[in-house]
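J.:
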Amino acid sequence: MYLPKVSIVTPCFNASEFIEETIKSVQSQTYNNWELIIVDDNSSDNSTILINNLKKTDNRIKLIELNNNVGPAKARNIAMENAEGKYIAFLDSDDLWLPSKLERQIEIMEKHDLILTFSNYRIIEENGELTSKVIKVPEKINYAQLLGNTIIGCLTVVFNREKTGDVRMPEFRDCPEDSALWLSILRSGSEAVGIQEELALYRKTKGSLSRNKIKAARKTWNMYRKLEKLNVIKSSFCFLNYSYNAMKKL
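According to full-length UniProt numbering, the sequence shown is numbered sequentially starting from 1.
(1) Take residue 273 and list the residues in its own chain whose beta-carbon comes closer than 7 Å to its own, dropping the five residues that flank it on each side.
(2) Suppose you measure from the CA of residue 109 to the CA of residue 200; what does that come to, to the nearest Å?
(3) For residue 41, which residues in the same chain have their Cβ closer than 8 Å to its Cβ, ignoring the five residues on either side in sequence?
(4) Residue 114 and residue 31: beta carbons closer than 8 Å?
(5) According to DSSP, is residue 21 part of a helix, a strand, or is it coil?
(6) Which value, in whole angstroms, describes the spacing of the CA atoms of residue 235 and residue 221?
(7) DSSP three-state label for residue 13, please.
(8) In three-state terms, what does DSSP make of residue 70?
(9) How many angstroms separate the CA atom of residue 105 from the CA atom of residue 117?
(10) Three-state secondary structure (DSSP) at residue 136?
Written out as structure tokens, the structure is:
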């Protein structure tokens, strides 16, 4: 049975507390044809030592070590430039996947010839304790709808690079670079498909953007004005929708 390769993009910066658990959640996947490309963004802790220890026994794990800190967007772009897979998936260095994540998503994408999918995910505490909060996603979302929504969790996204071509995250630190990438993929009229299953666990750490609502709001406004080039009226309309949908996620 043909199993297309999935390239998993993981930026890493001082993630020694969580990176082993994150990698093991990939190794526990029921879908085996993957490569995990970890780009270490000049960590000062022992993240790379832990990664290399796991890498010794699994040649699907690849580590790229940077000499300067470049930020998560550029780190992800470097990983994508080195990716070999038909599909690109994202997993940050403190988040986790459930074992059937890739198998379910690739099965659906291959069957229906989809460009981008995402799924429900559960919030976990910093110590890994499960919460009752599950982010549930719509069945589909298009460019216009996504402008006013943050429902697509980066840790759940898989896209088909044969359909998107070589896309990149904008390396503009004061914007939500992941949302900007999804918008760039959907701008041509495609729809992203939401899988109504809980496939990943998002760790809410002290430094996570979701905890800093003011910072997240500013970045979203900058995306409208500086990246999407929307006028003030359109930006304000989208921002009201964004604020409403963000409140629903709390």
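Just so you know, even glycine gets a beta-carbon here, dropped at the ideal spot from N, CA and C.
T.: Answer, in terms of the structure:
(1) Because the chain in this structure spans residues 1 to 250, residue 273 falls outside the shown range and cannot be described.
(2) Locating residue 109 in the sequence shown gives position 109, counting from the first residue. Locating residue 200 in the sequence shown gives position 200, counting from the first residue. Residue 109 and residue 200 have their C-alpha atoms some 17 Å from each other.
(3) Taking the first residue of the sequence shown as 1, we reach residue 41 at position 41. Only residues of its own chain outside the window of five on either side were considered, and among them 11, 12, 13, 66, 69, 70, 71, 72 and 75 have a CB closer than 8 Å to the CB of residue 41, listed in chain order.
(4) For the purposes of this step, residue 114 is taken as residue 114 along the sequence shown, with counting starting at 1. For the purposes of this step, residue 31 is taken as residue 31 along the sequence shown, with counting starting at 1. No, Cβ-Cβ distance for residue 114 and residue 31 is not below 8 Å.
(5) Walking along the sequence shown from the start, residue 21 turns up at place 21. Residue 21: helix per DSSP, three-state reduction.
(6) Locating residue 235 in the sequence shown gives position 235, counting from the first residue. Locating residue 221 in the sequence shown gives position 221, counting from the first residue. Going from the Cα of residue 235 to the Cα of residue 221 covers about 7 Å.
(7) Locating residue 13 in the sequence shown gives position 13, where the first residue counts as 1. Coil at residue 13, not helix or strand.
(8) As a working note, residue 70 is residue 70 in the sequence shown. Coil.
(9) For this step, residue 105 is matched to residue 105 along the sequence shown. For this step, residue 117 is matched to residue 117 along the sequence shown. Taking the straight line joining both Cα atoms gives about 7 Å.
(10) The count along the sequence shown starts at 1 and reaches residue 136 at position 136. Correct three-state label for residue 136: coil.
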